[in-house]
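Before any comments, here is the structure.
In the working numbering, the protein residues as written are 1 to 343.
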C-alpha cells in the first residue's frame with residue numbers, strides 16, 4: 001500500500017494528467033460533489049428513523065402530600081408515583097412519513113447522479129481546453145522556428161538583392177501572427193488550469209499526456225424518463241404525494257396512553273394501604289379543521305401540483321437540450337468528415 005501511494009505521483013508525472021485521472025480525482029475531492037454525497041447520507045439516515053414512534057416518557061413524583069405535616073403516611077391519597085406515557089400518531093401517519101423520507105432519499109440519489117454527470121462534463125471541457133491550448137503552443141513554437149528561419153532567409157536574399165521587400169514583409173507578418181497567437185493560448189491554458197484547481201488543486205499544474213482520448217458518440221435515441229433529473233423530479237412528486245397523505249391523517253385523532261403506579265405508605269397504626277394503578281387514554285380532537293387541517297391539505301396539494309409542473313418543464317428542457325446538442329454534434333461530425341476527405 002505504501003509503495004503504491006509513493007509510486008502514484010511518479011506514474012502521474014511520467015504519463016501526465018490523463019482525462020480519466022482528472023475525472024477520478026475530481027470525484028474524490030470536489031467539495032460540491034462531496035456536499036451532495038453528504039445529502040444522500042443524511043437522507044438515508046432520515047429514512048431509517050422517520051417511521052418510528054416517538055420516544056416514551058417516564059414520570060416520577062409525589063402526589064397529594066399534606067402541606068401541614070409533609071408526612072407520607074397521614075393521608076390516604078398520598079403516594080409516590082411512577083408512570084409511563086406513549087404517544088401514537090394518527091393511523092397512516094408513520095407510513096406516510098416513511099414514504100416521504102424514502103422518496104427524498106431517491107431524489108437525493110438522483111441529484112447526486114446529476115451532479116456527477118455535471119462534474120464530469122465540466123472537467124472534460126476544461127481538460128480538452130487545456131489540451132488544445134498546450135498542443136497549440138507546442139505547434140506554434142515549432143512552426144514559429146521555421147517561420148523565423150524563413151524570415152532570416154528572406155532578409156538575406158533582400159540584402160543580396162535577390163528578393164523584394166514584399167517577401168520580407170510577408171515573412172515578418174507570419175512571425176507576428178505566431179507571436180500574437182501564443183499569448184492567447186497561454187492565457188487559455190492558464191484559465192483552464194485555474195478551473196481545474198477548483199476541483200483538483202494539487203494536480204492542476206501537472207502536464208498532460210500526448211495522446212488525445214476520444215469520448216463515445218452520443219446515443220441515437222434519448223429517453224427523458226431515464227435521465228437522473230427526471231427521476232429526481234418524479235421522486236419529488238411522490239414525496240409531495242406522501243405529504244398530501246400526511247395532511248389527510250391529521251383529520252384522524254392521535255392518541256396517548258398513560259400507565260401510572262402509585263405506592264402508598266402504611267397508616268400510622270401500621271395498617272397497610274393498597275397501592276393504586278391508573279390507566280388513561282388521551283385523544284386528539286381535530287374539530288377546528290378549517291383553520292388548520294384544511295389549509296394544510298390545500299398547501300400539500302398545491303405543492304404536489306407544483307412538483308408535477310416542474311417535472312414536465314424539466315422533461316421539455318431536457319428534450320430541447322438533447323435536440324440542440326445532437327444537431328451541433330452532427331454539424332461538427334460533418335465538418336470533420338470534410339477535413340478528412342477533402343483536405
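Even for Gly, the Cβ is constructed at its ideal location relative to N, Cα and C.
From a predicted model like this one, the values you see are computed outputs, not experimental measurements.
Out of curiosity, what's the CA-to-CA distance linking residue i and residue j?
i: residue 56; j: residue 20; result: 53 Å
i: residue 89; j: residue 264; result: 34 Å
i: residue 99; j: residue 84; result: 29 Å
i: residue 121; j: residue 47; result: 31 Å
i: residue 66; j: residue 73; result: 10 Å
i: residue 43; j: residue 180; result: 54 Å
i: residue 132; j: residue 123; result: 14 Å
i: residue 310; j: residue 238; result: 13 Å
i: residue 138; j: residue 215; result: 23 Å
i: residue 49; j: residue 236; result: 20 Å
i: residue 40; j: residue 292; result: 32 Å
i: residue 13; j: residue 28; result: Only weak support exists for where residue 13 lies, its pLDDT of 47 falling under 50; the coordinates are left without a value.
i: residue 222; j: residue 176; result: 48 Å
i: residue 244; j: residue 308; result: 14 Å
i: residue 200; j: residue 26; result: 6 Å
i: residue 23; j: residue 312; result: 31 Å
i: residue 266; j: residue 87; result: 34 Å
i: residue 304; j: residue 111; result: 19 Å
i: residue 54; j: residue 287; result: 24 Å
i: residue 314; j: residue 182; result: 42 Å
i: residue 140; j: residue 234; result: 51 Å
i: residue 197; j: residue 184; result: 20 Å
i: residue 130; j: residue 203; result: 13 Å
i: residue 178; j: residue 209; result: 24 Å
i: residue 298; j: residue 76; result: 54 Å
i: residue 334; j: residue 155; result: 43 Å
i: residue 217; j: residue 192; result: 24 Å
i: residue 169; j: residue 316; result: 56 Å
On the criterion of 16 or more Cβ atoms from any shown chain inside 10 Å, does residue i qualify as buried, or is it exposed?
i: residue 9; result: Reliability of the predicted coordinates at residue 9 is poor, the pLDDT of 46 falling under 50, and the value obtained from them is presented with this limitation in mind. The residue is exposed, with fewer than 16 neighbouring Cβ atoms inside 10 Å.
i: residue 325; result: exposed
i: residue 173; result: exposed
i: residue 32; result: exposed
i: residue 300; result: buried
When the Cα of residue i is compared with those of the options, which residue comes out closest?
i: residue 195; options: 142, 127, 317, 306; result: 127
i: residue 277; options: 287, 259, 270; result: 259
i: residue 275; options: 82, 331, 146, 53; result: 82
i: residue 35; options: 79, 24, 108; result: 108
i: residue 285; options: 125, 256, 192; result: 256
i: residue 115; options: 220, 157, 24, 228; result: 228
i: residue 250; options: 182, 94, 58; result: 94
i: residue 268; options: 118, 319, 103, 71; result: 71
i: residue 106; options: 281, 37, 152, 191; result: 37
i: residue 253; options: 283, 317, 241; result: 283
i: residue 51; options: 165, 78, 92, 75; result: 92
i: residue 188; options: 329, 61, 136; result: 136
I need the boundaries of the beta strand (DSSP E) containing residue i, first residue and last residue.
i: residue 259; result: 255-263
i: residue 221; result: Residue 221 -> no beta strand (DSSP E), and no H or E assigned at all.
i: residue 161; result: Run containing residue 161: none; DSSP gives neither H nor E here.
i: residue 283; result: 276-283
Can you name the start and end residues of the alpha helix (DSSP H) that residue i belongs to?
i: residue 321; result: 293-342
*Only counting runs of 3 or more residues, tell me where the beta strand (DSSP E) segments fall wholly within the stretch 2-88, in order along the chain.*
Runs found: 57-63, 79-88.
_Quick check for students: name the residue ranges of the alpha helix (DSSP H) that lie wholly in the stretch 223-249, counting only runs of 4 or more._
The stretch 223-249 contains these whole alpha helix (DSSP H) runs: 228-249.
*asked:* Report the start-end ranges of each alpha helix (DSSP H) in the stretch 144-221 that is 4 residues or longer and not cut off at the edges.
replied: 165-199
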